[in-house]
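Student: Residue numbers (the numbering used here), protein chains in the order written: chain A, 1 to 282; chain B, 1 to 303; chain C, 1 to 355. This is the structure I want to talk about, given as C-alpha cells.
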Amino acid sequence: MNASSDQILLALDDLRVDFHTPTGIVNAVRGLSFTLGRERLGIVGESGSGKSMTSRAILDLIPHPGVVTAKRMEFRGQDLTAMDKGSRRKLRGRHISMVMQDPKFSLNPVQTVGDQIAEAYRVHHKASAREAKERSLAMLEAVQIREPARVYGLYPHEVSGGMGQRVMIAMMLIAEPDILIADEPTSALDVTVQLQILKILDDLVTSRGMGLIFISHDLHLVKSFCDRVIVMYGGKAMETLPASELDRAQHPYTRGLLGCLPDLDHPRDKLATLTRDPAWLA
Amino acid sequence: MTDQTATSAGWHSWLTTTSPESRRQARLGQLYRQWLAFRKNPAAMVGLLIVLALLLLAAFAPLVAPHDPLAQALDQRLLAPSARNWFGTDALGRDIFSRIVYGTRVTLVIVMLVVITVGPLGLLIGCAAGYFGGWVDTVLMRITDVFLAFPRLVLALAFVAALGPGLENAVIAIAFTAWPPYARVARAETMLIRNADYISAMRLQGASQLRIVLKHVVPMCVPSLIVRTTYDMAGIIIIAAGLGFLGLGAQPPIPEWGAMISTGREQIFDQWWVATFPGLAICVVALGFNLLGDGLRDVLDAR
Amino acid sequence: MASITASTPSAPPRAKSRALRWGRILGRELTTVAITIFGLLLVTFLIARVMPIDPVLAMVGDRAPADVYDKARLELGLDKPLWEQFAIYVGKVFRGDLGTSVLTAQKVTDDIKTVFPATLELATLGTLIGVVLGVPLGILAAVNQGRWIDQVARVIGLVGYSIPVFWLGLMGLLLFYAKLGWVAGPGRLSIAYQDFVTPVTGLVMLDAAMQGEWEAVVDAFWHLILPASVLGLLSVAYISRMTRSFMITELQQQYVVAARVKGLSEWRVVCGHALRNAFVPLVTVIALSYMHLLEGSVLTETIFAWPGLGRYLTNALLNADMNAVLGGTLVVGAVFIGVNLFSDILGRLADPRAR
C-alpha cells in the first residue's frame with residue numbers, strides 16, 4: 001500500500017499555487033507534498049481547500065493570474081517544473097488525464113460524443129479516422145455502454161448523466177494514461193448511478209495499472225474507494241493516512257469532519273459543527 | 001487644511017461603512033462605492049470628461065465661441081484654419097469653430113428629447129410585458145419584434161418624408177424607431193425580478209400590482225436602462241446627423257453638425273476643413289458617450 | 001453491477017418527434033414572418049396616409065379643375081374607408097405593384113430591380129470584410145483578454161461605433177482618392193468602361209467577368225473597394241466586439257478545460273471547440289451586421305454616387321416621391337425579414353440542441 005514500495009509515478013514536494021490579484025496574493029495551495037504510485041489516492045477537503053487547484057497544477061491548467069511553484073514536481077522521474085508548455089501539453093491526456101465533475105458541462109455540446117472520444121485518441125496517436133473510430137467504439141464498450149455504435153453518433157444533450165460520465169471516462173482513458181485524476185466524478189450524478197460509475201472507474205484503473213487521484217468531499221466514499229487519503233484544509237495537507245485507518249485519525253480537523261457526519265448506527269441528537277484553528281495553517 | 005482632510009476622511013468612512021444607519025446612508029454609500037470603481041477606469045473617465053465638456057460648451061456657448069455662428073461674411077468665404085478662424089470658414093464666410101460650439105446645443109436638444117420620450121416608453125412597455133406575462137407579453141413583444149425587424153434609419157427616413165423635414169420631426173422619427181431595444185431590456189430585467197422572493201413577499205403582504213411594478217420592478221430596471229441609454233446616445237447622435245446630412249433634420253441656418261458636413265461636401269477636395277471638423281466633433285462626442293456607457297456598464301450592470 | 005439499465009429510446013419515434021419539432025419551429029417562424037410583414041405593410045400604409053402631401057394633387061397638378069380632381073380622387077380609391085384602402089394596398093403589393101415613381105416615371109418595382117444589385121454588391125463585400133477581419137480580431141481579443149491586442153480591438157470597436165459613415169466616406173475619398181490616388185472615385189465604373197458592360201445580373205464585376213472585360217472588372221473593383229471598406233469598418237467594429245464576448249463566454253466553459261485535459265493544442269481548443277460553439281450566436285450577429293450595412297448604404301451611396309437602392313431612396317425622399325420611398329422601405333424591410341429568417345434557421349442547424 002505504500003507508494004515508495006511501488007514504482008513512483010508522481011512526486012510533489014512543496015507545491016504552491018498563488019493567485020496575484022489586484023487586491024493581494026491569494027494562496028490556493030500552500031506547500032503540499034505527496035507521492036503517487038500505482039494506487040488509489042484520495043484527496044478530501046471542503047470546497048476551497050485547494051484540492052481542485054492541486055489537480056489543475058499537476059496538469060498545468062492553472063488559469064492566468066495563478067502561479068505554480070514547487071521544490072520538486074516529477075512525473076516518472078521527469079522534472080515537470082523544467083518542462084516547456086508544449087511538452088506539458090503532450091503529457092496531458094496521454095500520460096496524465098482527468099475526469100471532471102459534470103458531463104453536462106464538460107462535453108462539447110456541438111460535437112458528437114464519439115467524435116470527442118476519437119479526437120482524444122488522434123491527438124496522441126497517428127491513426128486514421130477509421131482506426132480512431134474503432135478504438136473509440138471499443139472504449140465505449142469498455143465503459144459498459146451497450147450500443148456503442150448508436151451512442152457514438154449522439155450529442156451530449158441526448159445522453160443521460162450517467163452515460164455522459166461514462167463517455168467522459170472513455171474520452172479520458174482512450175490514450176491510456178498512467179495517471180487519472182477524478183475530480184468529484186460522481187457528485188453531479190444520481191445516487192443510483194454513482195456506484196456504477198465508481199465500479200467502472202475502479203475496474204479500469206486496476207486492470208490498466210494506473211495511478212488514481214480521487215478528489216472528493218465525501219469522506220465515506222473516499223474511505224471505501226481509496227487506498228490512501230490526504231486530508232486538505234486551507235491549501236495544506238492536514239494529515240495523510242491509509243483509508244482503512246481514517247476512523248482512527250488523530251488530527252482534530254479530520255476528527256471534526258468525521259464528527260459532522262450522521263451515522264445510522266450511532267444516532268445523535270445534535271451533529272457537531274466544524275471548528276477550525278488558524279494555527280493549522282501556520 | 002487639517003480640518004478639511006479630517007472632515008473628508010469622516011465623509012469617506014461615513015460613506016463606506018458596512019453598517020449604515022439609514023436607508024439614505026446606504027444608498028449614498030453604494031453610489032460612492034460605484035463612483036470609486038468608476039474612477040479607476042481611465043477610459044470611462046475620458047468619456048465622462050468629454051460629456052461634461054459637451055454640457056459646459058452648450059451652457060456657455062456664447063462665452064466660448066469667438067464669432068456669431070450665423071453671421072455671414074461673403075468676403076471671408078472658405079478661409080483655411082488660422083489664428084482668427086481656428087477651424088476655417090464655410091461657403092458663407094461663417095466661422096466653423098463657433099458653429100460647432102453652438103452645434104453642441106442642437107445635439108444635446110436632440111439627444112435629450114429622444115431619451116425622455118424613449119426611456120419611459122420602453123420602460124413601461126417592457127415592464128408591463130415582463131411583469132404581467134401571458135397575452136399582454138405576447139402582444140407587446142410582437143409589436144416590438146415588428147419594429148425591431150425594420151431598418152431603423154430607413155423607417156426614420158420614411159417618417160421624416162411623411163412629416164416633413166425639421167428638427168422636431170427628426171426627433172419624433174428617431175424616437176419612434178428607437179424604443180424597441182429599451183422595451184426588450186426592461187422586459188428581460190423584469191422577468192428576472194418578477195419571480196424573486198422579495199416580490200412574492202410583497203404580494204403576500206397585499207401590495208397592489210401597480211405598487212409592486214412602480215416601486216419595486218421599475219427601479220430595478222433603471223440601471224440597465226441607463227447603461228443602454230448611454231450607449232444609445234452615440235447612435236442617436238449619429239442617426240440625427242445622418243438625417244441632417246440628407247437635409248431632413250435641422251434646417252439651415254441652424255448649426256447642426258450633420259448639415260454642416262453636407263454643406264462642406266462640394267468643397268471636400270479643395271476646402272477639406274468645412275466637412276472635416278463637424279465630423280470630428282460628432283466622432284468625439286459619440287466616442288465620449290460610448291466610453292461612458294462602457295464604464296457605467298462595468299459599474300452598474302455587474303452581470 | 002454488470003447489468004446497466006440505460007434508457008434507450010428506440011430510433012423511429014425520435015425521428016418522428018424531430019420532424020414534428022421542425023414542423024412546429026417552421027410554423028412559428030412563418031407566423032412571425034407573416035405578422036412582421038403585416039406590420040410592415042400597415043406602417044408604410046399609415047405613413048402614406050399621414051403624409052401632408054395630397055396624392056391627388058401630385059397626380060393631376062394643382063391647377064386641375066374640380067371635376068378632374070374628384071375623378072382622380074375616386075380612381076385612387078381615397079373616398080373608400082381606411083381599412084378598404086389598406087386591403088387594396090396590400091393586394092397591390094402582393095401582385096408586385098408598388099405604383100409608379102413620379103421622379104423616373106417608371107414602375108417602382110422596375111426601378112428597384114435595376115438599383116438593388118448595386119446595393120447588394122456593396123453590403124455583401126462590406127460584410128465579407130467585416131467577417132474576415134472582425135472574427136479573427138474578436139477571437140484574438142478574447143484569447144488575450146486584458147492584453148494589448150484586446151485594447152486595440154476595443155478601440156477599433158469604439159471608434160467604429162462612433163464614426164458617422166457618411167463622414168468616413170468623405171474622408172476616405174479625400175485621402176485615398178484625391179490625395180493618394182490609390183482608389184477610383186465615385187460611381188461604379190469609370191466612364192470609359194460604362195458602355196462595355198451590359199447589365200445581366202446587375203453585379204458589375206460579375207457581368208464584366210462573364211463578358212470577358214477584365215479591365216472593366218479591375219476598374220469596377222477599384223470603385224467598389226473604398227465604399228465597401230467604409231461599410232466594412234462598421235461591420236468589423238460590431239462583429240469583433242460580439243465575437244469577443246461570445247468567445248470569452250465559451251472559453252470559460254468546462255468543456256474547454258476538458259479539451260485541454262485531452263492534450264489538444266491551444267489552436268484546436270480555441271477554433272475547434274470554443275469557436276464552434278460561439279458560431280451559433282455569431283450567425284445572428286453576422287446577419288444583423290448585414291442588415292446594418294444595407295441600411296448604412298443609404299448614406300454611403302449618397303457620398304459615392306453609387307447607383308443603388310440607398311441613393312434611389314434618398315433621391316425619392318428629397319423629391320417627395322412617396323411611391324418610391326414606400327416601395328424602397330418595403331423592399332429593405334422584406335430583405336430584413338428574409339435575412340432574419342435565414343439566420344434563425346442557419347443558427348438552429350448549427351446547434352444540435354435546437355435541431
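Idealized CB from N, CA, C, for every residue including glycine. Nothing here was measured: the structure is a model prediction, and the numbers come from that model.
Could you tell me whether the Cβ of A/Ser97 comes closer than 8 Å to any Cβ of chain F?
Tutor: The question asks about chain F, but that chain is absent: this structure's protein chains are A, B and C.
Student: Can you check whether the CB of A/Ile62 is closer than 8 Å to the CB of A/Val99?
Tutor: Locating residue 99 of chain A in the first sequence gives position 99, where the first residue counts as 1. Locating residue 62 of chain A in the first sequence gives position 62, where the first residue counts as 1. Cβ distance not < 8 Å, so A/Val99 and A/Ile62 don't count as in contact.
Student: Answer yes or no: does any C-beta atom of chain A fall closer than 8 Å to that of C/Thr243?
Tutor: One-based indexing of the third sequence puts residue 243 of chain C at position 243. No, C/Thr243 lies away from the interface with chain A (no Cβ there is under 8 Å from its Cβ).
Student: Quick check on A/Lys236: does DSSP put it in helix, strand or coil?
Tutor: Start at 1 with the first residue of the first sequence, and residue 236 of chain A comes out as number 236. If DSSP states are grouped into helix, strand and coil, A/Lys236 belongs with the strands.
Student: List, in order along the chain, the chain C residues whose C-beta lies closer than 9 Å to that of A/Val205?
Tutor: The count along the first sequence starts at 1 and reaches residue 205 of chain A at position 205. Simply none; closest approach about 16 Å.
Student: With 16 other CB atoms within 10 Å as the buried threshold, where does A/Lys85 fall?
Tutor: Taking the first residue of the first sequence as 1, we reach residue 85 of chain A at position 85. So A/Lys85 counts as exposed.
Student: Quickly, what does DSSP pair A/Leu285 with across the bridge? List them, please.
Tutor: Outside the displayed range of chain A (1 to 282) lies residue 285 of chain A, so it cannot be described from this structure.
Student: With a threshold of 6 Å on Cβ separation, who are the neighbours of C/Leu203 within its own chain once the five nearest residues in sequence on each side are excluded?
Tutor: As a position in the third sequence, residue 203 of chain C is number 203, starting the count at 1. So the list reads Pro117, Glu121, once near-sequence residues are dropped.
Student: C/Ala2 by DSSP, collapsed to three states: which one?
Tutor: To locate residue 2 of chain C, count along the third sequence from 1; it is residue 2. Per-residue confidence for C/Ala2 stands at a pLDDT of 40, beneath the threshold of 50, marking its modelled position as unreliable; no derived number is given.
Student: Quick check: the Cα distance between B/Ala43 and B/Phe132, rounded to an integer number of angstroms?
Tutor: Residue numbering aside, residue 43 of chain B sits at position 43 when the second sequence is read from its first letter. Residue numbering aside, residue 132 of chain B sits at position 132 when the second sequence is read from its first letter. Computed Cα separation, rounded: 40 Å.
Student: For C/Ile337, which of helix, strand or coil comes out of DSSP?
Tutor: Numbered from its first residue, the third sequence carries residue 337 of chain C at position 337. It is helical.
Student: Which of the residues in the stretch 133-151 of chain B, read from start to end, lie with their CB under 7 Å from any CB of chain C?
Tutor: Listed by position, the residues of the stretch 133-151 of chain B near chain C (Cβ gap below 7 Å) are Arg142, Asp145, Val146, Ala149, Phe150, Pro151.
Student: Within 8 Å (strictly less), CB to CB, does A/Gly93 reach chain C?
Tutor: Position 93 of the first sequence, counted from the start, is the residue given in the question as residue 93 of chain A. Yes, because at least one Cβ of chain C sits closer than 8 Å to the Cβ of A/Gly93.
Student: Taking a Cβ distance cut-off of 7 Å, strictly less, list which residues of the stretch 78-90 of chain C are near chain B, in chain order.
Tutor: Under the 7 Å Cβ criterion, the stretch 78-90 of chain C contributes no residue.
Student: Using the Cα positions of B/Leu214 and C/Leu293, report the straight-line distance between them to the nearest angstrom.
Tutor: Stepping through the second sequence from its first residue, residue 214 of chain B is reached at position 214. Stepping through the third sequence from its first residue, residue 293 of chain C is reached at position 293. About 39 Å.
Student: May I ask you to list the residues that DSSP assigns as paired with C/Leu349?
Tutor: Along the third sequence, read from residue 1 onward, the residue named residue 349 of chain C stands at position 349. DSSP output for C/Leu349 lists no bridge partner at all.
Student: Check for me: the beta strand (DSSP E) holding A/Ala182 runs from which residue to which?
Tutor: Locating residue 182 of chain A in the first sequence gives position 182, counting from the first residue. Start and end: 179-183.
Student: Helix, strand or coil: how does DSSP classify C/Lys71 here?
Tutor: Your numbering for residue 71 of chain C matches position 71 in the third sequence. In the structure shown, C/Lys71 sits in a helix (DSSP, three-state: H, G or I).
Student: Relative to the C-alpha of C/Gly272, which candidate in A/Arg56, A/His64, A/Val123, A/His95 has its C-alpha closest?
Tutor: In the third sequence, counting from the first residue as 1, residue 272 of chain C sits at position 272. Taking only the C-alpha atoms, the option nearest C/Gly272 is A/Val123.
Student: Distance, Cα to Cα, A/Leu189 vs A/Asp102?
Tutor: The residue you call residue 189 of chain A lines up with position 189 of the first sequence. The residue you call residue 102 of chain A lines up with position 102 of the first sequence. Roughly 8 Å separates the two Cα atoms.
Student: Could you pull the DSSP bridge partners for A/Glu74 from this structure?
Tutor: The residue labelled residue 74 of chain A in the question sits at position 74 within the first sequence. DSSP, once it has assigned bridges, lists A/Ala11, A/Asp79 as partnering A/Glu74.
Student: In the DSSP assignment, what are the bridge partners of A/Met98?
Tutor: In the first sequence, the residue the question calls residue 98 of chain A occupies position 98. Answer is A/Ile181.
Student: When you compare only the Cα positions, how much space is there between B/Ala196 and A/Ala129?
Tutor: Within the second sequence, the letter at position 196 stands for residue 196 of chain B. Within the first sequence, the letter at position 129 stands for residue 129 of chain A. C-alpha separation (whole angstroms): 51 Å.
Student: When you check each C-beta in the stretch 278-299 of chain B against every C-beta of chain C, which residues fall closer than 9 Å?
Tutor: Those would be Pro278, Gly279, Leu280, Ile282, Cys283, Val284, Val285, Ala286, Leu287, Gly288, Phe289, Asn290, Leu291, Asp294, in chain order.
Student: When you compare each of C/His223, C/Val236, C/Leu313, C/Ala228 to C/Val152 by their alpha carbons, which one comes out closest?
Tutor: Position 152 of the third sequence holds residue 152 of chain C. That would be C/Val236, whose Cα lies nearest to the Cα of C/Val152.
Student: Give a yes or no on whether the C-beta atoms belonging to B/Ile103 and B/Trp257 are separated by under 8 Å.
Tutor: As a working mapping, residue 103 of chain B is identified with position 103 in the second sequence. As a working mapping, residue 257 of chain B is identified with position 257 in the second sequence. Per the sequence shown, residue 103 of chain B should be read as Gly rather than Ile. The answer is yes: Cβ separation under 8 Å.
Student: What did DSSP end up calling A/Leu41 once you bin it into helix, strand or coil?
Tutor: By 1-based counting over the first sequence, the position of residue 41 of chain A is 41. Looking at A/Leu41 - three-state DSSP - the assignment turns out to be strand.
Student: I'd like to know whether the C-beta of A/Leu107 is nearer than 8 Å to at least one C-beta of chain C.
Tutor: Locating residue 107 of chain A in the first sequence gives position 107, counting from the first residue. Answer yes: the Cβ-Cβ gap between A/Leu107 and chain C drops below 8 Å somewhere.
Student: Considering only the alpha carbon of each residue, which of B/Gln251, B/Ala281, B/Val227 lies closest to B/Leu292?
Tutor: Position 292 of the second sequence, counted from the start, is the residue given in the question as residue 292 of chain B. Comparing Cα-Cα distances from B/Leu292 to each of B/Gln251, B/Ala281, B/Val227, the minimum goes to B/Val227.
Student: Can you check which of these residues, B/Gln209, B/Gly206, B/Ala241, B/Asp68, is closest to B/Leu108 by C-alpha distance?
Tutor: Working through the second sequence from its first residue, we reach residue 108 of chain B at position 108. The candidate whose alpha carbon is nearest that of B/Leu108 is B/Ala241.
Student: Short check: CB of C/Ser343 to CB of C/Ala287, under 8 Å?
Tutor: By 1-based counting over the third sequence, the position of residue 343 of chain C is 343. By 1-based counting over the third sequence, the position of residue 287 of chain C is 287. Going by C-beta atoms, C/Ser343 is nearer than 8 Å to C/Ala287.
Student: Report the residues of the stretch 238-264 of chain C with a CB closer than 9 Å to any CB of chain A, ordered along the chain.
Tutor: Listed by position, the residues of the stretch 238-264 of chain C near chain A (Cβ gap below 9 Å) are Gln253, Gln254, Tyr255, Val256, Val257, Ala258, Ala259, Arg260, Val261, Lys262, Gly263, Leu264.
Student: Taking the Cβ atom as the reference point for each residue, do C/Thr119 and C/Leu317 lie within a distance shorter than 8 Å?
Tutor: Working through the third sequence from its first residue, we reach residue 119 of chain C at position 119. Working through the third sequence from its first residue, we reach residue 317 of chain C at position 317. Taking 8 Å as the Cβ cut-off, C/Thr119 and C/Leu317 do not qualify as a contacting pair.
Student: Measuring CB to CB, does C/Met210 end up less than 8 Å from C/Val200?
Tutor: Along the third sequence, read from residue 1 onward, the residue named residue 210 of chain C stands at position 210. Along the third sequence, read from residue 1 onward, the residue named residue 200 of chain C stands at position 200. Contact: yes.
Student: Going by DSSP in three states, A/Arg92 sits in which element: helix, strand or coil?
Tutor: On the first sequence, position 92 is the one that residue 92 of chain A refers to. In this structure, A/Arg92 counts as strand in the three-state DSSP scheme.
Student: Quick one: residues in its chain with C-beta nearer than 8 Å to the C-beta of C/Pro9, no 5 flanking neighbours on either side, listed in chain order?
Tutor: Sequence index remark: in the third sequence, residue 9 of chain C carries index 9 (1-based). Model confidence at C/Pro9 stands at a pLDDT of 43, short of 50, so the residue's coordinates are unreliable; what they give is reported in the following sentence. Closer than 8 Å at the Cβ level, and outside the excluded window around C/Pro9, lies no residue.
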